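Protein sequence lines, in the order shown, are assigned to chains F and Z. The numbering of the first sequence is the working numbering, which starts it at -19 and goes up by one. The numbering of the second sequence is the working numbering, which starts it at 16 and goes up by one. We put the beta carbon where it would ideally sit given N, CA and C, even for glycine. All values reported here derive from a predicted model rather than from experimental measurement.
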Amino acid sequence: NAGVMQNPRHLVRRRGQEARLRCSPMKGHSHVYWYRQLPEEGLKFMVYLQKENIIDESGMPKERFSAEFPKEGPSILRIQQVVRGDSAAYFCASSPTRASSGNTIYFGEGSWLTVV
Amino acid sequence: DAKTTQPPSMDCAEGRAANLPCNHSTISGNEYVYWYRQIHSQGPQYIIHGLKNNETNEMASLIITEDRKSSTLILPHATLRDTAVYYCIRTPGSNDYKLSFGAGTTVTVRA
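In structure tokens form, the structure reads like this:
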């Protein structure tokens, strides 16, 4: 059973470009979470999605960031007009049901975004 | 707000057991305790979780006190590869959906 798959693992973008990070959850998981980890900092929640729905985006910056989890295909975290401060590791996680039910949330290996 | 308290760091000798404490004094009856670890430059790795009873798997054991206000993660035979940041996390509440990570405990296993 493949784990949570993220790609690309490493991405370099120039300031002002767009970054798209993809996440394929584990088989049978319909709940996806995105976290960001700035250099030398902790993991910060960004957004929680179920298929076709954003459930909690309380951790998303108000501008330039968006996320989706379509009926078919991976979840996408999109960052428009990237700035140097967006350089970070972005982790995706998935679970079969919501986290409060006692199921395990599994994380991917992350996508490292560098903005130059 | 991670709602748990952990020591910021601890050292452990290779081959010895590592006992990692966590305080969650305000935990409610239906909240689980989860443990994850993050090795440098990798994604968080699930270790174990429990509700009331002690749990054991191939990686570790989780000991939860009877009043559920604290727990201990035990790595029975620490190796150098166990050097990582270890996070103790509570289940989200009924109106919350996410695991919230605190600063964790930086565990350094020394030869």
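Simplified DSSP assignment, three categories, for residue -7 of chain F: strand
Could you give the C-beta distance for residue 41 of chain F and residue 2 of chain F, rounded to a whole number, given that I count them as a contact under 8 angstroms? That belief does not hold up - the Cβ atoms of residue 41 of chain F and residue 2 of chain F are roughly 19 angstroms apart, past 8 angstroms.
With residue 36 of chain Z as the anchor, note down where its beta strand (DSSP E) starts and where it stops. Per DSSP, the continuous beta strand (DSSP E) segment holding residue 36 of chain Z begins and ends at 33 to 38.
Per DSSP, what kind of secondary structure is residue 24 of chain Z in: helix, strand or coil? strand
Assign residue 128 of chain Z to buried or exposed, taking buried as 16 or more other Cβ atoms, counted over all protein chains shown, within 10 Å of its Cβ. Residue 128 of chain Z is absent from the structure shown; chain Z starts at 16 and stops at 126.
From the DSSP output, in three-state form, read off residue 44 of chain F for me. coil
Among the residues of its own chain, which have a CB less than 6 angstroms from the CB of residue 79 of chain Z, if the five just before and after it don't count? 65 and 86
Residues within the segment 20 to 46 of chain F neighbouring chain Z, beta-carbon criterion of under 7 angstroms: Of all residues in the segment 20 to 46 of chain F, only 22, 23, 25, 28, 35 and 36 place a beta-carbon less than 7 angstroms from a beta-carbon of chain Z.
I need the straight-line Cα distance from residue 31 of chain F to residue 46 of chain F, nearest angstrom please. 15 angstroms
How would you list, in chain order, the residues of chain F whose beta-carbon sits under 7 angstroms from the beta-carbon of residue 58 of chain Z? 71, 87, 88, 89 and 90
Can a CB atom of chain F be found closer than 8 angstroms to the CB of residue 32 of chain Z? no
Does DSSP classify residue 65 of chain F as helix, strand or coil? helix
Quick check on this structure: which residue in Z:45, Z:70 and Z:57 has the alpha carbon closest to the alpha carbon of residue 107 of chain Z? Z:45
Report the neighbours of residue 78 of chain F on chain Z: residues whose CB is nearer than 7 angstroms to its CB, in chain order. 112
Looking at chain Z, is there any beta carbon in it that lies within less than 8 angstroms of the beta carbon of residue 8 of chain F? no
If the cut is a Cβ gap below 7 angstroms, which residues of chain F does residue 61 of chain Z touch? 84 and 86
What residue from Z:58, Z:43, Z:41 and Z:29 has the CA that sits closest to residue 102 of chain Z's CA? Z:58
When burial is assigned at 16 or more other CB atoms within 10 Å of the CB, is residue 24 of chain Z buried or exposed? exposed
Let me check understanding here. Comparing Cα to Cα, which of F:-8, F:-17 and F:13 lies closest to residue 56 of chain F? The option with the nearest alpha carbon to residue 56 of chain F is F:13.
Determine, using beta-carbon pairs with one atom in the segment 116 to 124 of chain Z and one in the segment 63 to 77 of chain Z, whether at least three such pairs fall under 8 angstroms. no
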